[in-house]
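Protein chains in written order, with the working numbering: chain A, 6 to 388; chain B, 6 to 388.
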């Protein structure tokens, strides 16, 4: 094989892997003239504070058969965080894995993301002290006042965050915004005649068992996995979250990561009176908390993530799967980079830096009975 | 009404209230020439570390219709403890409620309990440091060596503990041992033709749905409650216990009350591989831990009872129910005793001394949806 010059990175959740992702992969590879494509993927919990429908191994298989060469897990410390921290971890990881291109889907790829980043407030705290709006709303208002541009669509916001994180790298990657097709990220409607819908719309169809719709919107492998495998949602975790909220003292709840503004009182009250997770969110919601922020808080409570600040530096890369090209690249990374590559999770990792990722997987294993880390080997895709 | 001179106390769990209890109440009242009978009853968790099948309010109703005049809850801090602490709290409570008689069922009421108490080792720790036997076994071996008497039957052991606790009172009560009828406490067999069986045997019949047996062994009111009400067992709590064991760090588990000898490692391992509570107990069991001790430890984990020593003094009496004679007696106690009598649980109590009892009830409410403390009023039996 020749010299690898264009290594493309994509940040993804694949919850689940659908036709829009297939299209994005194809477009990205073409525009980046990619010799190799690396996916940094959320594990068993996604950025908006929800369990992934399919586990990280099932989603890795789908990503590899959909065109990825290498899939690496975005550690929990970044995966379940607001966009700027999520992007920071993901971009750093792609960079350390030897990527020099980063493609991302955006509602408005024509936006001048660099200009937006240059205009972001240097001291965020002084601008966002209003308590009647969520942070994303205030942030967008600010940018609009500064640049006249609107940054409300969720993939535009993520794109902005990737660009901002990229600018902080010693060797920034070439950024490739790609026009998203189909409905918006959180839009749950399905358009007639299309084969592309948002993840949210597909998850809604899965919940409703609308298999005609699903079959139309996802590759056959994904449809098969969605039928065969145990799918997990907050509904499955709700009894455990509720129990933890009821049994924990207010002092212990206060010590949970990101618990702020005394919301622990509200959460405890809401847990007592709510029958379902949806009821609970509705009862707990305030104007200052987005649903995503509330849901992330719920993940921290369920996993008992303590207020002790999460490490912000990247300490390892957990390899989820690869094909032969991906494996050859991994060997090069091993030689060139100091980043530990985890392909087998030992007790030292579980009781050390990997603990939180292990816990995140253990919560899934508790429900599904399927080991997530201790016994799992990287998925090898034969091409 | 005349002067009340014989106030009888009985310590009970009524899990559930059965014909043996009816017989014991009748015998005790007769032998004590009781003017009034007070029951100190475990709440929603019993001494062996199990949830009561019926909740404390349902059991209070049955006790009142079965002949009790007043039912008071034994606080959790005593109710879920080994026999000597259980007895200490219960006897102290009966004494503070103005009892001067205490009746208890025993397998061998003819035993000289006073002599046994007099012969108990003064320094227990020096005698019981063998790690190949449980404490009860070592204790019995010791007593047998000292007195030639055998103290293996569980109600004899409780009787011994009542007598020991009684001797520590400034004004000891008159003790009235009553011959237990039917099978032994933990014997789960049912004898043909009898109408009395042990609580364990009846719970087993309930689990198996053997209604012919149950109807024969319990009063009609109990049978009705067992059919109508939600019955709770460890099977219902097992998912939550398992989750708590999996999510808690070893350090946090180590801080649980009565966690000792490094058993937290075993419990965590056992939780991962066990599908049912029975599997779990079997996997976690060691020679040094009785099943009762293990089960109590499970309650402490489920309720997150911290190692911070539980208060050993009695701080309140929670009134569960009464008839008019019981109510008149309560009024006398209010005037004569400094012990706070709780009939309504306020936030001050919940966030203060009553917290653990509240938590114990909240865990039941979580499953049944039936409030246990905040909204409940004492049961009033019209006679």
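Using N, Cα and C, we set each Cβ at its ideal position, and we do this for glycine too. Remember, it's a predicted structure, so these values are computed and weren't measured experimentally.
{"Asked": "Identify the contact partners of residue 247 (chain B) in chain A, using a Cβ-Cβ distance below 9 Å as the criterion.", "Found": "371"}
{"Asked": "Could you give the first and the last residue of the continuous alpha helix (DSSP H) run that contains residue 282 (chain B)?", "Found": "282-289"}
{"Asked": "Verify the CB distance criterion: does residue 231 (chain B) have a CB-CB separation below 8 Å to chain A?", "Found": "no"}
{"Asked": "For residue 384 (chain B), return the contacting residues in chain A, with the cut-off set at a CB-CB distance below 8 Å.", "Found": "Near residue 384 (chain B) there are no residues of chain A at all, since even the closest Cβ is about 23 Å away, more than 8 Å."}
{"Asked": "Along chain A, in chain order, which residues have C-beta atoms closer than 9 Å to that of residue 85 (chain B)?", "Found": "Those within 9 Å of residue 85 (chain B) in chain A number zero; the least Cβ separation is about 15 Å."}
{"Asked": "Taking Cβ positions only, does residue 377 (chain B) come closer than 8 Å to chain A?", "Found": "no"}
{"Asked": "Would the beta-carbon of residue 322 (chain B) fall within 8 Å of that of residue 98 (chain B)?", "Found": "yes"}
{"Asked": "For residue 30 (chain B), which residues in the same chain have their Cβ closer than 8 Å to its Cβ, ignoring the five residues on either side in sequence?", "Found": "15, 42, 71, 72, 73"}
{"Asked": "Taking just the CA atoms, how far does residue 103 (chain A) sit from residue 338 (chain A)?", "Found": "7 Å"}
{"Asked": "Consider the Cβ of residue 253 (chain A): report whether some Cβ of chain B lies at a distance smaller than 8 Å.", "Found": "yes"}
{"Asked": "Please report how far the alpha carbon of residue 235 (chain B) lies from the alpha carbon of residue 325 (chain B), in whole angstroms.", "Found": "19 Å"}
{"Asked": "Would you say residue 67 (chain A) and residue 227 (chain A) are within 8 Å of each other, going by their C-beta atoms?", "Found": "yes"}
{"Asked": "What are the uninterrupted segments assigned as alpha helix (DSSP H) that are 4 or more residues long and contained completely in the region 216-251 of chain B, given in chain order?", "Found": "216-222, 225-233"}
{"Asked": "Write down the C-beta distance between residue 174 (chain A) and residue 96 (chain A) rounded to the nearest angstrom, noting that I regard them as a contact closer than 8 Å.", "Found": "7 Å"}
{"Asked": "Hey, is residue 309 (chain B)'s beta-carbon within less than 8 Å of any beta-carbon in chain A?", "Found": "yes"}
{"Asked": "When you compare each of B:27, B:23, B:19, B:36 to residue 47 (chain B) by their alpha carbons, which one comes out closest?", "Found": "B:19"}
{"Asked": "Alpha carbon to alpha carbon, how far is residue 26 (chain B) from residue 216 (chain B)? Give it in angstroms, no decimals.", "Found": "19 Å"}
{"Asked": "Taking the CB atoms as reference points, tell me whether residue 124 (chain A) and residue 151 (chain A) lie closer together than 8 Å.", "Found": "yes"}
{"Asked": "Among residues of its own chain, excluding the 5 on either side of residue 6 (chain A), which ones have a beta-carbon nearer than 6 Å to its beta-carbon?", "Found": "Note on residue 6 (chain A): pLDDT 43, under 50, position unreliable in the model; no value is reported."}
{"Asked": "Taking 8 Å as the threshold (beta carbon to beta carbon), is residue 364 (chain B) in contact with chain A?", "Found": "yes"}
{"Asked": "Against chain A, with Cβ distances strictly below 8 Å, would residue 6 (chain B) count as a contact?", "Found": "Below a pLDDT of 50, predicted positions are generally treated as unreliable, and residue 6 (chain B), at 43, falls in that range; no measurement from the model is reported."}
{"Asked": "On the three-pair Cβ rule with 8 Å, is the region 154-161 of chain B touching the region 109-118 of chain B?", "Found": "yes"}
{"Asked": "May I have the straight-line CA-CA distance separating residue 291 (chain B) from residue 284 (chain A), to the nearest angstrom?", "Found": "43 Å"}
{"Asked": "Is it a yes or a no for the region 238-255 of chain A touching the region 265-278 of chain A, going by three-plus beta-carbon pairs under 8 Å?", "Found": "yes"}
{"Asked": "Does the beta-carbon of residue 268 (chain B) have 16 or more other beta-carbons within 10 angstroms, so that it is buried, or is it exposed?", "Found": "buried"}
{"Asked": "Quick check: the Cα distance between residue 265 (chain B) and residue 308 (chain A), rounded to an integer number of angstroms?", "Found": "25 Å"}
{"Asked": "Express the C-alpha separation of residue 11 (chain B) and residue 182 (chain B) in angstroms, rounding to a whole number.", "Found": "16 Å"}
{"Asked": "Residues bridged to residue 109 (chain B) by DSSP?", "Found": "B:182"}
{"Asked": "Any idea what DSSP makes of residue 141 (chain B), helix, strand or coil?", "Found": "helix"}
{"Asked": "Which whole-angstrom value describes the C-beta separation of residue 85 (chain B) and residue 304 (chain B), a residue pair presumed to lie in contact below a C-beta threshold of 8 Å?", "Found": "5 Å"}
{"Asked": "Just to confirm, is the Cβ distance from residue 222 (chain B) to residue 207 (chain B) under 8 Å?", "Found": "yes"}
{"Asked": "Got a sec: is the Cβ-Cβ distance from residue 367 (chain A) to anything in chain C below 8 Å?", "Found": "The chain inventory of the structure shown lacks chain C, comprising the protein chains A and B."}
{"Asked": "According to DSSP, which residues form a beta bridge with residue 384 (chain A)?", "Found": "A:326"}
{"Asked": "Could you check the C-alpha separation between residue 199 (chain A) and residue 281 (chain A) for me, to the nearest Å?", "Found": "33 Å"}
{"Asked": "Starting from residue 122 (chain B), trace the beta strand (DSSP E) in both directions and tell me its first and last residue.", "Found": "Where residue 122 (chain B) is concerned, there is no enclosing beta strand (DSSP E), although the alpha helix (DSSP H) it sits in stretches over 118-123."}
{"Asked": "Let me check understanding here. Comparing Cα to Cα, which of A:385, A:363, A:386 lies closest to residue 377 (chain A)?", "Found": "A:363"}
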